[in-house]
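Under my numbering, the residues of the sequence shown are numbered 1 to 277, in order. Heads up, the thing below is written out as structure tokens.
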Amino acid sequence: MSNSDTRAIDFDAVRLAARTHAPDRFYAALFAPHEAREDLIALAAFTGEIERISRLVSEAALGEIRVAWWRDSFLSRGESGRSGNPVLDAFAEVIRRRALSLGAIEDYLAAHADAFYGEAPADDAALARSMRVIDGTPFVFAAAILDVTIDEPLLAAASRASGFARIGLELPYALMRHRALLPMARSPNPFGPDEPQDWRPQTAWLVSEGRKALAEVRRQLKGKPKAAATALLPLALVEPYFRALQNPRHEPARDILEIAPIARLWRIARAHWSGRV
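See below:
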């Protein structure tokens, strides 16, 4: 990002937002080529701001209002205007210079807004489509910033691997807000009087499917440019999340998972050096 682009933007605030709310993407961005690094950090900050809304709001309408603000701000922002929000302004510059799709951003924001209302995906195929938008869009943008193309089979596998991990991590928040993350066939009557007290069977399914998707990512990445692996580098944290979700002491419906920053950074660094997420 050039000095003229960032002159009116507090990029320290952008870095802080990325590191706080999207640490996987933030640390992955640190291993990108210098010319792409700050743009990837701006992407991380933006996705972190959107993804954390579901953890902050108790009512779906409030979440939708927050998402609508981001959508309207992107669409109404002038070519050189500043909103005063450093994350929005930094990512808007990335959109402009990298020619990222505003339509894809609208779809990404709409998918998050729809999720606030807690309606369960109709089936596994609907769940996969949701993952393709919510989890796949940041990978598409990262690839565009790195000037590499990720083909659809690889992108679909990456979206599923990321999506299954995300759902496992979000489960305590979703249950608290009565939001269904899985098809009803996977979690029957999740909020009624017969609500299962033990979500380990559902977590085991998430982990099993996520690991299949991660194995497919690794297979598909063979022979691909290094930039493709860099775009997907946040997936390096998926397997540690799966292991933590299956820890016998972990209560999936209650416990919030955290990975220590140094462990997070080491895992991403090792994936970068090995070229294997």
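Even glycine gets a Cβ: it sits at the ideal position worked out from N, Cα and C.
Assess, as a yes-or-no matter, whether the stretch 150 to 159 is touched by the stretch 34 to 42 under the definition of 3 or more beta carbon pairs within less than 8 Å. no
Is it true that the CB of Ile9 sits closer than 8 Å to the CB of Ala90? yes
Identify the continuous alpha helix (DSSP H) that holds Trp291 and give its terminal residues. This structure gives no information on residue 291, because the portion of the chain shown stretches from 1 to 277.
Please list, in chain order, all residues of the same chain as Gly163 whose beta carbon is under 6 Å from its beta carbon, the five residues on each side excluded. Met131 and Asp135
Ignore the nearest five residues each way along the sequence and tell me which others in Gln220's own chain have a CB closer than 7 Å to its CB. Pro153, Leu154 and Ala157
Candidates Glu216, Ala229 and Ala253: closest to Tyr173 by CA position: Ala253
I'd like the span of the alpha helix (DSSP H) that includes Ala260, first residue to last. Segment: none, Ala260 is in no alpha helix (DSSP H) and carries neither H nor E.
Is the separation between the beta-carbon of Leu16 and that of Trp70 shorter than 8 Å? no
Do the stretch 19 to 28 and the stretch 257 to 276 meet, that is, are 3 or more Cβ pairs less than 8 Å apart? yes
Considering only their Cβ atoms, is the gap separating Pro86 from Leu127 smaller than 8 Å? no
C-alpha gap between Glu170 and Glu93, whole angstroms: 30 Å
Compare the Cα-Cα distances from Arg97 to each of Arg82, Arg267, Ala144 and Arg249 and report the closest residue. Ala144
With C-beta atoms as the reference, is Ser54 less than 8 Å away from Ala115? yes
Over the uninterrupted alpha helix (DSSP H) stretch that includes Ala122, give me the two end residues. First-last for Ala122: undefined, no H or E at that position.
Quick test of your reading: Val238 and Leu214, contact by CB under 8 Å. State the CB separation rounded to the nearest angstrom. 6 Å
Between Gly118 and His178, is the Cβ-Cβ spacing less than 8 Å? yes
Can you tell me whether Ile167 is buried or exposed? The criterion is at least 16 other CB atoms within 10 Å of its CB, across all chains shown. buried
What does the Cβ neighbour count give for His21, buried or exposed, with the cut at 16 atoms within 10 Å? buried
Contacting residues, own chain, Cβ-Cβ under 6 Å from Ala13 (five flanking each side not counted): Pro86
Label His34 either buried or exposed according to how many other C-beta atoms from any shown protein chain fall within 10 Å of its C-beta, with 16 as the threshold for buried. exposed
Would Ala120 pass as a contact of Ala180 if the rule is Cβ separation under 8 Å? yes
For Glu216 and Leu146, what's the separation of their Cα atoms in angstroms? 22 Å
May I ask which residues mark the beginning and end of the alpha helix (DSSP H) holding Asp147? Looking at the DSSP string, Asp147 is not in any alpha helix (DSSP H), and its letter there is neither H nor E.
Tell me the rounded alpha-carbon separation between Ala244 and Ala231. 24 Å
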